[in-house]
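Residue numbers (this note's numbering): 4 to 149.
Note that CB positions come from ideal geometry on N, CA and C, so glycine has one too.
These numbers come from a predicted model, not from an experiment.
Everything on this sheet refers to the single structure shown next.
Structure (structure tokens):
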């Protein structure tokens, strides 16, 4: 009876060890992919930040702008100011959209970095568990062969 239990335990431990190794390999592969993805995301965020800064730089107000929306055929300067004001509104909207997108990307990047950190800890724990299982198996082998 004791031999059957020992064989069952040994088989279960071998299966568990094999599962741990497979999970460890999968985690290593996931870490490689995640680091590449985060690097691409950071590069995209730099591009988006550049776009946002370009929008902000081109969205300078001029002194003559005000809220008058009537078009006067005789006053070309004021018509130009009104067109510029409409353009400013569109630029403000675009800047707000880019700012919101930047905040979203930043929060996602922070979350991904935290998940990567957790995954790295899990990989480290799995490697330690694999080592402990190997040591335990060796201990069982030495005790049973004695």
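In terms of Cβ geometry, residue 43 and residue 104 do not form a close pair [threshold 8 Å]. Cβ contact annotation for residue 126 (same chain, cutoff 6 Å, sequence separation greater than five): 30, in chain order. Nearest Cα to residue 57 within the set 22, 84 and 98: 98. Taking a contact to require three or more Cβ pairs closer than 8 Å, the segment 33-47 and the segment 134-148 do not qualify as touching.
Inter-residue distance for residue 41 and residue 116 is about 8 Å (C-alpha atoms, whole angstroms).
Contact between residue 118 and residue 54 does not hold, since their C-beta atoms are separated by about 27 Å, which reaches or exceeds 8 Å. A Cβ-Cβ separation of about 6 Å places residue 33 in contact with residue 122 under the 8 Å criterion.
Straight-line measurement puts the Cα of residue 120 at about 23 Å from the Cα of residue 135. Around the beta carbon of residue 85, a 10 Å sphere encloses 16 or more other beta carbons of the protein chains shown; the residue is thus reported as buried.
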